[in-house]
Each structure stands twice: as C-alpha cells, then as structure tokens.
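Q: These protein sequences, in sequence, are chains A and B.
Under the numbering used here, the residue at position 89 of the first sequence is numbered 82, and the numbers go up by one with no gaps.
Throughout, the numbering used here is defined as the position within the second sequence, counted from one, plus 138.
Can you read through this structure? Questions will come right after.
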Amino acid sequence: MKNAEEIFQILKNKFQDSVLEFKTDQPTEPIIIVQALEIDKICSFLSSEDELQFNSLVNLSGVDEIKENKLSVYYHLESTIHRHKILLKISTSREKPEVPSVVEVWQGANWHEREAYDMFGIIFLNHPDLRRILMPYDWEAGYPLRKDYENPEYYQGMKVPY
Amino acid sequence: MGLLDKEFADTNIVISTTDDVLNWARLSSLWQVSFGLACCAIEMMATSASHYDFDRFGVIPRPSPRQADVIIISGTVTLKMATRIKRLYEQMPDPKYVISMGSCSNCGGPYWEHGYHVLKGVDRVIPVDVYVPGCPPRPEALLEGLLKLQEKIRNESMVRKSK
Ligand code: SF4
C-alpha cells in the first residue's frame, strides 16, 4: 500500500515532465495532474506495474473549468490488490478537447468516456465507439453540461423550454 | 352476482341503452400498456400489486400497445423517450386514453427549468385525458385518476353520431 505522494514520486521518476503537479491544497484527496496526451501511457503503467496494480477505474468524469478556459477529466483509480487509491486529472483546451482513451487499460472506461463526450464534448482518441450515450444520437444543440450551453427552442418539433 | 342477485322477477331480459352496455364493458376492462418510466412507475407497480390491486378495476398490463386501451405515462418524459411515447400511442387502437401520472409527465416536474433533456409535459406530444398530480402520486391518487377516467368513459357515446 502506498500513499498518493509516494505514487506521485514513482510517476515523476518514470514520466518526468509529463507529470505536472501534486495538488494537496483542497478538502478532497490529493490530485495528481498530468499531461493530457500522456494519460494512456501513464494509466497502462499504473495498472501493470507490480507495486501499483491499479486494476480498477472507479470513476471517470468530465468537468468544465470555464474560468481557466479548459475542459478537465478526473480519473479515480483504486487497486483492490494493494488497497491504495489515487485521483488523476488532465486538462485540455476548450477549442480542441482531445485526450487519449483508456479503454485499452480498463474496459469499464468505455461508457464513462462516452458520457464525458456526450455531456462535455471531450474527444477520446482511439475510443472504439465514441457515440453519444444519454442524449439522442441526433442531438445537435451541443454538450449540455458545458457552462456556456444553451438549450435549443425545439427538438424534432417538440418545444423544449418550459 | 352481487347487485343483480335475485333482483329480477322475470329471467333473461334486462333493458338498457347500447351506450350504457358498451361503456360499462369498456370502462370495466381498461387494459393498460405495460410501460413505466421513472420513480412514478414504482408507485404504479405498487398500485398493480396485491395491496391496491388495480386488477379489481379491470386494469391489467398488456405487453403490446395494440391490445391496450389506456397508457399511463408514469414518470419523467425525456425528449428521447417522447418520440417513442408518441409512436406507442399511435400504435394503440381507438378508442384510447392517456393518464398522465405525476408532476414530471404533467409539466416537467422538478426538471421544469434546468432539465435540458426533459419534455415539459407529455401533453406536448399526445392528448391527455386525466392528470394525476403528485411527486410521486400515491396509489390512492392513481386509483382516483382511474375512477375519473371511468367517469369520462361512462359519459361518452360510441353509437350516437357526433355533431
Ligand atoms: S413526478 Fe416525481 S416521482 Fe414522478 S417521475 Fe417525476 S420526479 Fe419521479
């Protein structure tokens, strides 16, 4: 079992500049911030390395950080073997929100990533099936959980606002 | 035979109007589309179960809209579901009835303002006969809604020409 700081050090030694920051100044558990485009490699290392073995992706969620003009993704990981947990975060630009998919590492990421795509428009590169998952497939009004989202007046002839 | 028990001096003949007989038959066997949406559907199932026993009013769930008389919209109608509900309704044979159960289906309910995905009332896509208020309505309220619908059917006419 390792604590978040030790795991951060292991990652820092292995990936160096791709691991950006260890953030502790908040009420939640510490966050390890990494480079968006390296997330797939980092995750596959986290899941396969003997002393880490993060075999479970507990949660994956998108967040719109509009004040910093960014879209972020949080990854809650847990190792049921070593009984340790960490929280990873990546940020990407709102104009071109692209991040590699981690479906190769954890199959369970599939629908989580589709949801983050559906709600925030985050593009998961190399995802096997990146379609909307909750909204209708023909929803053209954008991504509903973005802070600057505006609901359309009509969808398929049905009035949407109250 | 309940009410009819030993009330008649003669056997075999009862005089009534065609409308009364047809309406009595129709309102006593309202088959509902076996279909539920959100939390309200749980309450609808409770109404069907032994304690409240929807069946004593002749209401049983039919798995096909083509064999149903009434559809109970029991819960949140998302925009995605609204198109399906419209199709289900269109597949039902006439005469057909709609009970809108709960705030969501009446007017959008808790999602009336920020529910980007919720239709603000099922009456925007299909005509509603009875609105049952509540979030969720208790089984008694749904039963009351059904009695209202029966009252409506009792006063309809299947045989008279409509003006
Ligand atoms: S009216 Fe209330 S109980 Fe019924 S579906 Fe909506 S939120 Fe659920």
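From the three backbone atoms N, C-alpha and C, an ideal C-beta is built for every residue, glycine too.
It should be emphasised that the depicted structure is a prediction, and the values quoted were computed from it without experimental measurement.
With a threshold of 7 Å, establish whether the CB of CYS245 of chain B neighbours any heavy atom of the ligand SF4.
A: Every heavy atom of the ligand SF4 is 7 Å or more from the Cβ of CYS245 of chain B, so no.
Q: My assumption, with CB atoms under 8 Å, is that TYR235 of chain B sits in contact with VAL208 of chain B. Please give the rounded CB distance.
A: About 4 Å; that satisfies the 8 Å criterion.
Q: Quick one: does the C-beta of THR214 of chain B sit closer than 7 Å to a heavy atom of the ligand SF4?
A: Answer for THR214 of chain B: yes, Cβ within range of the ligand SF4.
Q: Check the Cβ-Cβ distances between ARG262 of chain B and every residue of chain A, and say whether any is below 8 Å.
A: Closer than 8 Å to some Cβ of chain A, the Cβ of ARG262 of chain B qualifies, so yes.
Q: Taking 8 Å as the limit between beta carbons, can you name the residues of its chain near PRO154 of chain A, skipping five residues before and five after?
A: Contacts found: ASN144, GLU146.
Q: For ASN119 of chain A, which residues in the same chain have their Cβ closer than 7 Å to its Cβ, ignoring the five residues on either side in sequence?
A: PRO93, SER94, listed in sequence order.
Q: To the nearest angstrom, report how far apart VAL56 of chain A and SER65 of chain A are at their CA atoms.
A: Answer to the nearest angstrom: the Cα atoms are 5 Å apart.
Q: Does GLN288 of chain B come out as helix, strand or coil in the three-state DSSP assignment?
A: GLN288 of chain B: helix per DSSP, three-state reduction.
Q: In the segment 243 to 261 of chain B, which residues sit with their C-beta less than 7 Å from some C-beta in chain A, listed in chain order?
A: Per Cβ criterion, the list reads GLY246, TRP250, GLU251, TYR254, HIS255, LEU257, LYS258.
Q: Around the Cβ of CYS304 of chain B, are there at least 16 other Cβ atoms within 10 angstroms (buried) or fewer (exposed)?
A: The question about residue 304 of chain B has no answer, for chain B in this structure spans 139 to 301.
Q: Taking 8 Å as the threshold (beta carbon to beta carbon), is LYS140 of chain A in contact with chain B?
A: Answer no: the Cβ-Cβ gap between LYS140 of chain A and chain B never drops below 8 Å.
Q: Considering only the beta carbon of each residue, do GLN170 of chain B and VAL197 of chain B sit closer than 8 Å?
A: Yes, the pair counts as a contact, with Cβ atoms nearer than the cut-off.
Q: Measure from the alpha carbon of ILE211 of chain B to the alpha carbon of each residue in B:GLN205, B:PRO201, B:ALA184, B:CYS242, then state which is nearest.
A: Minimum Cα distance to ILE211 of chain B is reached at B:CYS242.
Q: Just reading off the alpha helix (DSSP H) that ASP158 of chain B is part of, what are its end residues?
A: Segment 156 to 165, the alpha helix (DSSP H) holding ASP158 of chain B.
Q: Output needed for MET112 of chain A: all residues of its chain with C-beta closer than 7 Å, excluding positions within five of it in sequence on either side, in chain order.
A: These residues qualify, in order along the chain: GLY55, TYR136, PRO137, LEU138.
Q: Work out the CA separation of LEU160 of chain B and ILE153 of chain B for me, nearest whole Å.
A: The alpha-carbon atoms of ILE153 of chain B and LEU160 of chain B are separated by roughly 13 Å.
Q: Over the uninterrupted alpha helix (DSSP H) stretch that includes THR185 of chain B, give me the two end residues.
A: 177 to 186 is the extent of the alpha helix (DSSP H) around THR185 of chain B.
Q: Going residue by residue through the segment 34 to 90 of chain A, where are the continuous beta strand (DSSP E) segments of at least 3 residues, counting only ones entirely within it?
A: Counting only runs of 3 or more, we get 49 to 58, 63 to 72, 77 to 86.
Q: In chain B, what lies closer than 7 Å to MET112 of chain A by C-beta?
A: Correct list: empty, because the minimum Cβ distance to chain B is about 10 Å.
Q: According to DSSP, simplified to helix, strand and coil, what is PHE117 of chain A?
A: Strand, per DSSP.
Q: Does any CB atom of chain B fall closer than 8 Å to the CB of LYS152 of chain A?
A: Interface residue, yes.
Q: By the DSSP assignment, the alpha helix (DSSP H) with TYR269 of chain B in it spans what residues?
A: Element bounds for TYR269 of chain B: not the alpha helix (DSSP H) but the beta strand (DSSP E), 268 to 270.
Q: Can you name the residues that DSSP bridges to PHE15 of chain A?
A: BP columns for PHE15 of chain A point to A:ILE25.
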